[in-house]
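>
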């Protein structure tokens, strides 16, 4: 039933609800209390109430309750349109109003009645007001609705069940038989919704999900949406397989078979799934690429867009596989849809030859102003990849980027261009001068504080190393005169870098810093005074440690450490070296997508909570571990100690303090017929280690994950700290009812389960320390203890692999971009900086060379104030 709009209203084309007033609408709602109910008067009023609620209008509990009970009076009318509006009103108002359960009987009556137009909407409204305690009273009706012959009713029941599982998962789990029956429905949507509910019920039981997928892949599901969901579930199972080998997997064969499905939706879903799997080879994704190639010539714009967007992503990981599509992509350059044309060109930029770059850039320039910022960012990402692929084209690409930088656009778009220019400057020495010049021009008119600060930080870092450092001083000092306080503070820091690294400019820099001491902002004055004092003394040690390589502590961790120090040992001198370091910046490879950059020093907002901070708060809240002194130095990523298919799953996270290590074992019970109690991990500790505290998990039900902890004291000798612990999971088992989880008896029996060894590595005790000027730091470390040794890295066949292996094993931060290996080189040197637990600095230099024999030869030199740490590193590498 439709409402015919007034002719004058259609001509005006405006919003009839634009000037609604909440008070007057709620007064009109009193009409609902009149008898008999007049649908033609009540329906527009209820529509206005729903409009106000959906526009974010806030109703108080009293107002909402009064309106809710007024709406319930409308059940007296049998008008179909009004009744369906009533259901919507109940759903919206039930979130605010009180005593909403009063309409349960009315909704239950409609839900089980003969009027099909009411039933589906009544189910949705009823489930929106039902809580966990009431759900059992309507359980029988929900089961019947799930298998109802009416597709609308069955779909409403299935979707509502999915929502109800958040508050009463145990009750919804009992509806699994009905959900399985609904999967066999002839309705497309019912089959899709049933599969969604079935997977949600079983998602924590890998074995059950595997059986479900195996059963359904042998069936011929009628719903293309259900097949798409099945493909996604199969991909999830494939990704969880530790081997990463897809060749012999029936799941992989099923996804590949879906490439020949009659539905275009399923074909695209299968193709997108195959190319997005992590461990696929070029040969394995070739059939998917062929399908996407066919879609590129489809008459449907949606299919062309989907295909070219997916190929654009594939070009990042498998560019050779996309090369066969280049002719089809060339045809899409002139597509009337500019989004498709943009994606086609950027894909060609990633896969095409160097000779085609200039032509493609001209084509992009012809319409780049017509596309949205979102697609401009895609263009910038393609240019970024191109900069790394063809370094000699940096001139053309930089000119194009600088022109884009001057165009109108939002912060995210401008940040993506700036990040690309910065990565090009840092990665290509030939592009440094021109890149800095482009950025200097940009900050003259830059409207975004965070971008201006990022660029000033780069100028301070790279400017002093150029042939003519003085040319950048004017641009930086202009920011002190013309910009806001945050930018001025960043400019002062950049000026200090020139004074620290360019002796011939020191006198001029001191004059500028003296002027900055009269600034109106406290932060700017404090920085200027701080840097002026250090530079005026001309103490090389102070300059290197507090300007060139300033302390890299995490600000929020420093705050917590100071508070902890004042509470525990205020009479002692605070040790800054015990504070965890700020995480190093992400590499270009990790920063695949542009992000809004943050100012490194000025307070633009509270920094995000780090992994160590959140872990420290959790550990401090455990009474048995709260006595451990000092801040948390480092937390590792979780490591599995069991296979993913086993009945008990355990992952360990290592939390390292100055003198202690806390092992957090996250235990998961996947057995539906077992309740585990007194769960703990037993370790066979190595020489020098001592267990000082244990925190068992008292109860672990099916599908639950709970932690158990062991705290150990490190050995006094550092060379004993790198070791393995044999581990066994011990617990008491009680057999229980799989449906309710209640134990059959109070008696249990002890069990144990062997785990993989827990390994304490060098990287666990080392934080990454960024050294922007490694040469100066290495000279500063001449007074440190030094050890050197030569090794042969067997099983490693390239310098790139050797660099990755050394950096990962030692847990230190590569300096001066030394983790990048130039192609066709037979030797390479990696510079590494780190901080050993307790705040001990470590510097390392690894000279790598390809030899005649298999493997890579490495000469490792380590410097540290503590000779025992040098000995530890040299011995564990060997």
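Residue numbers (the UniProt record's numbering): 1 to 878.
The beta carbon of each residue, even a glycine, is placed where N, CA and C say it ideally should be.
1. Take residue 595 and list the residues in its own chain whose beta-carbon comes closer than 6 angstroms to its own, dropping the five residues that flank it on each side.
2. By DSSP, does residue 65 sit in helix, in strand, or in coil?
3. Answer yes if the stretch 31-38 comes into contact with the stretch 67-85, meaning at least three C-beta pairs across the two stretches below 8 angstroms, and no otherwise.
4. Based on the DSSP output, what are the partners of residue 691 in its beta bridges?
5. Taking Cβ positions, are residue 422 and residue 411 nearer each other than 9 angstroms?
6. Taking the C-alpha atoms as reference points, what is the distance between residue 281 and residue 661?
7. DSSP three-state call for residue 618: helix, strand or coil?
8. Within the same chain, show all residues whose beta-carbon is closer than 8 angstroms to that of residue 494, passing over the 5 residues directly before and after it, in chain order.
9. Have a look at 702, 862, 683 and 756 and flag the residue whose alpha-carbon is nearest the alpha-carbon of residue 639.
10. Express the C-alpha separation of residue 82 and residue 169 in angstroms, rounding to a whole number.
11. Using the beta-carbon count (16 or more within 10 Å), is residue 57 buried or exposed?
12. Which whole-angstrom value describes the C-beta separation of residue 126 and residue 111, a residue pair presumed to lie in contact below a C-beta threshold of 8 angstroms?
13. Sorted by chain position, which residues of the same chain lie with C-beta nearer than 7 angstroms to residue 91's C-beta, five sequence neighbours on each side aside?
14. Would you call the stretch 719-726 in contact with the stretch 680-695, where contact means no fewer than 3 C-beta pairs closer than 8 angstroms?
15. Any chance the stretch 634-653 sits against the stretch 744-761, with 3 or more Cβ pairs inside 8 angstroms?
16. Counting along the chain, where does the alpha helix (DSSP H) carrying residue 518 start and finish?
17. When the Cα atoms are used, what is the spatial distance from residue 788 to residue 415?
18. Can you tell me where the alpha helix (DSSP H) holding residue 880 begins and where it ends?
19. Return the first residue and the last residue of the alpha helix (DSSP H) that residue 402 is part of.
20. If we ignore side chains and look at the alpha-carbon of each, how far apart do residue 847 and residue 795 end up?
21. Is the stretch 540-553 touching the stretch 517-524, taking contact as three or more C-beta pairs under 8 angstroms?
22. For residue 849 and residue 785, I'd like the C-alpha separation in whole angstroms.
23. In whole angstroms, what separates the C-alpha of residue 842 from that of residue 444?
24. Taking residue 488 as the reference, which of 468, 115, 515 and 465 has the closest Cα?
25. Write down every uninterrupted run of the alpha helix (DSSP H) in the UniProt domain "Coatomer subunit gamma C-terminal" (763-877) whose length is 4 residues or greater and which is fully enclosed by it, in chain order.
26. Identify which residue in 117, 61 and 269 has its Cα closest to the Cα of residue 94.
27. With three or more beta-carbon pairs closer than 8 angstroms as the criterion, would you say the stretch 659-674 touches the stretch 727-741?
28. I need the straight-line Cα distance from residue 747 to residue 676, nearest angstrom please.
29. Which first and last residues belong to the beta strand (DSSP E) in which residue 730 is found?
30. Helix, strand or coil for residue 885 per DSSP?
31. Quick one: residues in its chain with C-beta nearer than 6 angstroms to the C-beta of residue 288, no 5 flanking neighbours on either side, listed in chain order?
32. Comparing C-alpha positions only, which one of 656, 528, 503 and 471 sits nearest to residue 490?
33. Less than 9 angstroms between CB atoms is the rule here; does residue 625 satisfy it with respect to chain C?
34. Between 474, 625, 24 and 775, which has its C-alpha nearest residue 52's C-alpha?
35. With a CB to CB cut of under 7 angstroms and the five nearest residues on each side skipped, what residues in its chain are close to residue 587?
36. What does DSSP give as the partner residue(s) for residue 233 in the beta ladder?
The structure says:
1. Your numbering for residue 595 matches position 595 in the chain shown. Any answer about residue 595 is weak, because its pLDDT of 32 lies below 50 and its placement is not dependable; what the coordinates show is given next. The beta carbon of residue 595 sits closer than 6 angstroms to no other beta carbon from its chain once the five residues preceding and following it are set aside.
2. As a working note, residue 65 is residue 65 in the chain shown. The DSSP-derived three-state label of residue 65 is helix.
3. Yes, they touch.
4. The residue given as residue 691 occupies position 691 in the chain shown. For residue 691, which the question treats as bridged, DSSP gives the partners 712.
5. To locate residue 422, count along the chain shown from 1; it is residue 422. To locate residue 411, count along the chain shown from 1; it is residue 411. Not a contact, by the Cβ cut-off of 9 angstroms.
6. Your numbering for residue 281 matches position 281 in the chain shown. Your numbering for residue 661 matches position 661 in the chain shown. Residue 281 and residue 661 have their alpha carbons spaced roughly 40 angstroms apart.
7. Position 618 of the chain shown, counting from 1, holds the residue named residue 618. Helix.
8. Counted from its first residue, the chain shown places residue 494 at position 494. Answer for residue 494: 456, 457, 459, 460, 463 and 476, listed in chain order.
9. Position 639 of the chain shown holds residue 639. 756 is the residue among 702, 862, 683 and 756 whose C-alpha sits nearest the C-alpha of residue 639.
10. Here residue 169 refers to the residue found at position 169 of the chain shown. Here residue 82 refers to the residue found at position 82 of the chain shown. Cα to Cα, the separation comes out at about 33 angstroms.
11. Against the chain shown, residue 57 aligns to sequence position 57. Exposed.
12. Residue numbering aside, residue 126 sits at position 126 when the chain shown is read from its first letter. Residue numbering aside, residue 111 sits at position 111 when the chain shown is read from its first letter. About 6 angstroms separates the Cβ atoms of residue 126 and residue 111, confirming a contact at the 8 angstroms cut-off.
13. Against the chain shown, residue 91 aligns to sequence position 91. So the list reads 124, 125 and 128, once near-sequence residues are dropped.
14. The stretch 719-726 makes contact with the stretch 680-695; the number of CB pairs closer than 8 angstroms reaches 3 or more.
15. Using a Cβ-Cβ distance cut-off of 8 angstroms, the stretch 634-653 and the stretch 744-761 are in contact, since at least three pairs of beta carbons, one from each stretch, lie closer than that value.
16. What you label residue 518 is simply residue 518 of the chain shown in a count that begins at 1. Going by DSSP, residue 518 is part of no alpha helix (DSSP H) at all; its letter is neither H nor E.
17. The sequence position of residue 788 within the chain shown is 788, counting from 1. The sequence position of residue 415 within the chain shown is 415, counting from 1. If you take the alpha carbons of residue 788 and residue 415, they lie about 43 angstroms apart.
18. The requested residue 880 is not part of the displayed model; the chain covers only 1 to 878.
19. Start at 1 with the first residue of the chain shown, and residue 402 comes out as number 402. 394-406 is the extent of the alpha helix (DSSP H) around residue 402.
20. Within the chain shown, residue 847 is the residue found at index 847, counting from 1. Within the chain shown, residue 795 is the residue found at index 795, counting from 1. If you take the alpha carbons of residue 847 and residue 795, they lie about 18 angstroms apart.
21. Contact fails: fewer than three Cβ-Cβ distances are below 8 angstroms.
22. Along the chain shown, read from residue 1 onward, the residue named residue 849 stands at position 849. Along the chain shown, read from residue 1 onward, the residue named residue 785 stands at position 785. Each residue's alpha carbon lies about 25 angstroms from the other.
23. As a position in the chain shown, residue 842 is number 842, starting the count at 1. As a position in the chain shown, residue 444 is number 444, starting the count at 1. The alpha-carbon separation between residue 842 and residue 444 amounts to approximately 40 angstroms.
24. For the purposes of this step, residue 488 is taken as residue 488 along the chain shown, with counting starting at 1. In this structure, 515 is the residue among 468, 115, 515 and 465 with its C-alpha nearest to the C-alpha of residue 488.
25. Complete alpha helix (DSSP H) runs here, min 4: 774-780, 799-810 and 867-877.
26. Along the chain shown, one-based indexing puts residue 94 at 94. With distances taken between Cα atoms, residue 94 lies closest to 61.
27. Verdict: yes, contact present.
28. As a working note, residue 747 is residue 747 in the chain shown. As a working note, residue 676 is residue 676 in the chain shown. Computed Cα separation, rounded: 12 angstroms.
29. Position 730 of the chain shown, counting from 1, holds the residue named residue 730. Taken as a continuous stretch (DSSP letters only), the beta strand (DSSP E) holding residue 730 covers 723-735.
30. Outside the modelled stretch of the chain, which goes from 1 to 878, sits residue 885, for which no answer is possible.
31. The sequence position of residue 288 within the chain shown is 288, counting from 1. Take residue 288, set aside five residues on each side of it, and the residues of its chain with a beta-carbon closer than 6 angstroms to its own are 271, 274 and 275, in chain order.
32. For the purposes of this step, residue 490 is taken as residue 490 along the chain shown, with counting starting at 1. Closest option to residue 490, Cα to Cα, is 528.
33. Among the chains in the structure shown there is no chain C, since it carries only a single protein chain.
34. Your numbering for residue 52 matches position 52 in the chain shown. The shortest C-alpha to C-alpha distance from residue 52 to any of 474, 625, 24 and 775 is the one to 24.
35. If you number the chain shown from 1, residue 587 lands on position 587. Annotation note: pLDDT 47 at residue 587 (below 50); position unreliable, no value reported.
36. Locating residue 233 in the chain shown gives position 233, counting from the first residue. Answer by DSSP bridge pairing: none, since residue 233 is not bridged.
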